Amino acid sequence: MPDPVLRGTLLRLGDDVRADHLLPPAYAFLQDAAEMGKYALSGLGREWPARLAGHSVLWAGRNLGAGTGREASAICLRGAGVRAIVAPSVARLFFRNAINNGILVLEVPEAADVAVEDGDEVEIDLAASSVRVRGTTLRFPPLPPLIQDIVAAGGLVEYGRRLLAAEAG
Amino acid sequence: MGATFAEKILAQKSGQDAVRPGQIVELVPDMTMSHDYAANVIQHFRAMGATRVWDPERVFICLDHKVPPDTQEEANNQQRIRDFCREQGIRAYYEGGTGIGHQVIVEEGYALPGEVVVGTDSHSCSYGVIGAFATGIGETEMAFIWATGRIWLRVPPTIRVDLEGRWGAGVYAKDVMLALLARLGIDGASYRAVEYAGSAAAAMTISERFTLANMTVEMGGKIGVFACDATTEGYLAGRARRPYTPVAADPDADYERVVSLDCAAIEPMVTLPGSEDRGVPVGEVAGLPVQQAFLGSCTNARADDLAIAARILKGRRLHPNVRLLVVPASRAEGLEALRSGDLAILAEAGATFLPSGCAICYGGHQGALADGERCISSSNRNSTGRMGNRNAEVYLASPATVAAAAVAGEIVDPRPLLRD
Chain A
1 MPDPVLRGTL LRLGDDVRAD HLLPPAYAFL QDAAEMGKYA LSGLGREWPA
51 RLAGHSVLWA GRNLGAGTGR EASAICLRGA GVRAIVAPSV ARLFFRNAIN
101 NGILVLEVPE AADVAVEDGD EVEIDLAASS VRVRGTTLRF PPLPPLIQDI
151 VAAGGLVEYG RRLLAAEAG
Chain B
170 MGATFAEKIL AQKSGQDAVR PGQIVELVPD MTMSHDYAAN VIQHFRAMGA
220 TRVWDPERVF ICLDHKVPPD TQEEANNQQR IRDFCREQGI RAYYEGGTGI
270 GHQVIVEEGY ALPGEVVVGT DSHSCSYGVI GAFATGIGET EMAFIWATGR
320 IWLRVPPTIR VDLEGRWGAG VYAKDVMLAL LARLGIDGAS YRAVEYAGSA
370 AAAMTISERF TLANMTVEMG GKIGVFACDA TTEGYLAGRA RRPYTPVAAD
420 PDADYERVVS LDCAAIEPMV TLPGSEDRGV PVGEVAGLPV QQAFLGSCTN
470 ARADDLAIAA RILKGRRLHP NVRLLVVPAS RAEGLEALRS GDLAILAEAG
520 ATFLPSGCAI CYGGHQGALA DGERCISSSN RNSTGRMGNR NAEVYLASPA
570 TVAAAAVAGE IVDPRPLLRD
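Sequences listed follow chains A and B, in order. Yeah, the first sequence ends on 169 if you go by my numbering, and it's all consecutive. Yeah, the second sequence ends on 589 if you go by my numbering, and it's all consecutive.
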C-alpha cells in the first residue's frame with residue numbers, strides 16, 4: 001500500500017494544460033527522468049521548471065494532460081519530484097502514464113472550488129480518501145487497489161519486476 | 170438492457186457475461202502497436218527483468234516519428250528496435266518510410282474488427298475505423314504487456330454520435346469532425362467510448378471514417394468506433410492477416426448520451442489555434458494570411474485527400490508566400506496518388522514532398538514554423554507550440570481548405586476553387 005499520508009507543498013496549474021506543455025517534444029528523447037525533470041512544465045514558459053522546484057504536489061485545473069500520449073510528459077514530473085496530482089479531471093492516457101510512474105493522481109471535482117496558492121501545504125490520506133489543504137478537507141472516490149499497488153511500488157516497472165519475479169519463483 | 174460495443178467486447182475478452190461502465194477488467198490484447206517509442210518500451214521491458222515477449226505475433230512496429238533519423242542517437246534508437254525485433258522473432262516490423270504507423274497497421278490488415286488493439290500513441294484510437302476496440306497507452310504499459318500479455322482497462326461509458334444527412338460539395342469528413350469537436354469540446358468525450366452511427370456514417374468510405382476515429386482522442390475519447398459493415402469487409406478482403414469476428418452493439422444498448430449531427434448543415438471549417446475545439450465556419454477567418462500549408466498526418470493524407478488537393482491545385486501555382494508540405498500517410502497511399510497523376514499536379518503547383526511519417530505534425534521533425542507564422546494543416550492538433558514553435562499558430566482544416574489557402578496565400582472558402 002502507498003504511504004497513507006503524503007505531505008507536500010503545491011504548485012497551481014490552470015485548466016487544459018496539455019501533455020505537450022508538461023514536456024515539449026524536443027525534450028522527450030532525453031535519457032532519464034532527472035534530465036527530463038529539468039524541463040518539466042517548460043511548455044508553459046521557460047520560468048516554469050523553476051516555479052515547480054521544491055513542490056511535490058501539482059494542483060491542476062480541468063482536463064490535465066490532454067493530447068499526446070508520450071509518457072515523457074509524466075516521467076518529467078517524477079524526475080522533478082512530483083509525487084501527487086490533484087485535479088477536477090485528468091485526461092485518460094496521462095492518468096495512466098502518471099500512475100505508471102508512481103505519481104498519485106486524484107480526481108477531485110471540488111478541487112476547483114478551493115482558492116489555493118503556490119506553496120500551500122497539502123496532506124493526502126489514502127486510507128481516508130481525503131485531501132486536506134487550507135483547512136478544507138475534500139473527499140475523492142477510493143483509487144482501485146491495483147492502481148494503489150502500482151503507485152506504492154513506485155511505478156509499473158517495479159510492479160512488473162516484482163510480478164515477473166514472483167511468477168518465476 | 171443490451172450492451173454497447175465497448176461493454177460487449179470487453180466482456181468477451183475478459184471472459185465475462187456482461188460488464189458495466191466503471192468496472193475494471195483484465196484481458197490479453199489481440200494486437201499491440203508501436204513506433205519509434207518502442208526504444209523506450211524495450212528499455213522498460215528489460216528493466217522489469219523480462220526476456221521474452223509473450224507473443225511476438227501480437228507485436229506490430231512501424232517507424233514514423235524520425236523518418237529518416239536526423240542524429241546518431243535517433244539512428245541508434247531505431248537500430249535497437251530492429252535488433253529487438255530480430256531477437257524476439259517479431260515479424261511485423263515496418264521500416265521508416267513505409268508510412269505513419271496508424272495508417273500502416275490498418276492497411277496491412279493487422280488491426281481487425283472485434284479485436285482489442287493498443288498502441289504507444291494517442292492516435293491508436295484510429296483503428297476504430299474498422300471496428301476494433303483501439304486506444305493509446307504509454308511505453309511502460311506496453312512493456313508490461315510485452316512481458317506479461319496482460320492489460321487492465323476500465324469499461325468506458327459510451328456516447329453515440331448519430332451522423333445524418335449528406336454534406337454538401339466542398340465539405341468533407343474532416344469538416345464534420347471539426348464541427349463535432351467544436352460542439353462537444355476537448356473533454357466532451359473524456360474517458361468515453363464514442364460510437365459513430367447514422368446514415369452518414371454508414372455512407373462514409375474507410376478513409377473518411379479514419380478521420381473521425383482518429384480525432385476522437387481530441388475530445389478525450391478512449392475509443393472511436395464504426396461498426397463493421399459491408400464497407401469494412403470489402404476493405405479487409407484480401408488484406409486481413411487473420412480471421413476475425415466483428416462485435417456489434419445491441420440495438421437496446423444503454424448510451425450515456427446520444428448526439429445528433431446534421432451533416433447537410435455543416436460548412437467548411439477551420440479550427441482556430443490553441444485548442445482543437447475552436448472550430449468555426451471558414452468564412453469567419455477568411456483573409457488571414459498563411460505561410461505554411463501542411464497536407465499530411467494520419468488524419469488526412471491518404472490518396473483521396475491528395476486527390477482533393479490536386480483538384481484545387483491543378484493548373485495553379487502556390488501563392489509566393491506559401492510553402493506547401495505534402496506527406497502521404499503511407500508509401501502505398503503515395504503510390505496510388507502517384508499513379509493517378511495527383512502527385513505530379515501537386516509537384517507542378519510547387520509542393521515539397523517529405524517522407525511518409527509524422528513529420529511536423531507533432532513538432533519534432535521537418536517543417537517547424539518561424540515566429541509569427543501561421544500554418545494551415547490537415548492534421549489533428551493545434552495547441553500552442555504543436556508545430557515546434559510557441560510563437561506560431563496552427564489552424565486545422567480539410568485537405569480542400571488547406572489546398573485553397575496554399576493557392577490564395579490566405580484562408581479562403583475552398584468551394585469556389587472546386588467549382589472551376
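Glycine residues also receive a C-beta, built at the ideal position from the N, C-alpha and C atoms. Here the structure is a predicted model, which means the values were calculated and not measured.
Residue i, buried or exposed, once every other Cβ within 10 Å from all chains shown has been counted against 16
i, result
"THR201/B", "buried"
"THR440/B", "buried"
"THR401/B", "buried"
"MET170/B", "exposed"
"GLY268/B", "buried"
"GLY532/B", "buried"
"SER548/B", "buried"
"ALA53/A", "exposed"
"ALA399/B", "exposed"
"SER546/B", "buried"
"SER295/B", "buried"
"GLY305/B", "buried"
"VAL427/B", "exposed"
"THR137/A", "exposed"
"GLU243/B", "buried"
Assigned secondary structure, residue i (DSSP; H/G/I helix, E/B strand, else coil)
i, result
"ARG35/A", "In the sequence as displayed, the identity of residue 35/A is Glu instead of Arg. The answer is helix: DSSP assigns GLU35/A an H, G or I state."
"ALA476/B", "helix"
"ALA566/B", "strand"
"GLY67/A", "coil"
"THR317/B", "helix"
"VAL491/B", "coil"
"GLY45/A", "coil"
"ALA60/A", "coil"
"SER73/A", "helix"
"VAL105/A", "strand"
"CYS530/B", "helix"
"ARG508/B", "helix"
"GLY171/B", "strand"
"GLU517/B", "helix"
"VAL571/B", "helix"
"GLY8/A", "strand"
Selected residue, minimal CA-CA separation from residue i, among the options
i, options, result
"SER525/B", "ALA539/B, LEU494/B and GLY519/B", "LEU494/B"
"THR374/B", "ARG471/B, GLY354/B and GLU505/B", "ARG471/B"
"ASN490/B", "ARG559/B, ARG378/B and ALA575/B", "ALA575/B"
"TRP48/A", "ALA60/A, LEU22/A and SER56/A", "LEU22/A"
"VAL340/B", "ALA577/B, SER368/B, ILE580/B and THR570/B", "THR570/B"
"GLN272/B", "ASN469/B, PRO190/B and ARG411/B", "ASN469/B"
"LEU196/B", "MET217/B, VAL287/B, GLU505/B and GLY536/B", "VAL287/B"
"GLU502/B", "GLU277/B, ALA180/B, GLY389/B and GLU242/B", "GLU277/B"
"ARG404/B", "ARG255/B, VAL275/B, ALA348/B and GLY557/B", "For clarity, residue 404/B is Tyr in the given sequence; the question names Arg instead. Of ARG255/B, VAL275/B, ALA348/B and GLY557/B, the residue nearest in Cα terms is VAL275/B."
"GLN535/B", "SER466/B, GLY519/B, ALA476/B and TYR564/B", "SER466/B"
"VAL114/A", "VAL105/A, GLY135/A, ILE103/A and ALA98/A", "GLY135/A"
"ASP224/B", "VAL416/B, ALA498/B, THR317/B and GLU579/B", "THR317/B"
"PRO458/B", "HIS488/B, CYS527/B and ALA433/B", "HIS488/B"
"LEU482/B", "ALA455/B, ALA520/B, ASP473/B and ARG447/B", "ALA520/B"
"ASP290/B", "VAL90/A, PRO144/A, GLY79/A and GLY69/A", "GLY69/A"
"LEU464/B", "VAL563/B, GLY452/B and GLY541/B", "VAL563/B"
"LEU430/B", "SER509/B, ASP344/B and ASP421/B", "ASP344/B"
Proximal chain A residues relative to residue i, where beta-carbon distance stays under 7 Å
i, result
"PHE313/B", "LEU156 and GLY160"
"HIS213/B", "VAL157"
"ALA303/B", "Ordered by position in chain A, no residue passes the 7 Å Cβ test against ALA303/B, which lies about 13 Å from the chain."
"LYS391/B", "ARG92"
"TRP321/B", "LEU146"
"TYR296/B", "Result: empty, since nearest Cβ-Cβ is about 14 Å, beyond 7 Å."
"THR468/B", "Those do not exist, as THR468/B stays about 14 Å from chain A at its closest Cβ, beyond 7 Å."
Chain-ordered neighbours of residue i on chain A, where CB pairs are closer than 8 Å
i, result
"GLU425/B", "Under the 8 Å cutoff, chain A gives no residues; its nearest Cβ is about 15 Å from GLU425/B."
"TYR607/B", "The displayed coordinates of chain B run from 170 to 589. Any statement about residue 607/B would go beyond what the structure contains."
"GLU308/B", "GLU71"
"TYR360/B", "ARG92"
Proximal chain B residues relative to residue i, where beta-carbon distance stays under 7 Å
i, result
"ASP20/A", "SER552, GLY554 and ARG555"
"ALA111/A", "What ALA111/A touches in chain B: nothing, since even the nearest Cβ is about 15 Å away."
Heavy atom of the ligand GDP within 7 Å of residue i beta-carbon
i, result
"ALA338/B", "Among the ligands in the structure shown, none appear at all, so the ligand GDP cannot be discussed."
Chain-ordered chain B contacts of residue i [CB-CB under 9 Å]
i, result
"ARG62/A", "ASP356"
*Inside the stretch 107-166 of chain A only - alpha helix (DSSP H) runs reaching at least 4 residues*: 145-152
*Length-filtered (3 minimum) beta strand (DSSP E) runs lying within the stretch 409-483 of chain B*: 426-431, 438-440, 448-450 and 461-464
*Could you name each continuous beta strand (DSSP E) segment of 3 residues or more that falls completely within the stretch 330-418 of chain B, going from the start of the chain to the end?*
362-366 and 392-395
*Ignoring anything shorter than 4 residues or poking outside the stretch 229-311 of chain B, list the alpha helix (DSSP H) runs there in chain order.*
241-257 and 270-276
*Mind listing, in chain order, the continuous alpha helix (DSSP H) runs of no fewer than 4 residues lying wholly within the stretch 189-225 of chain B?*
207-216
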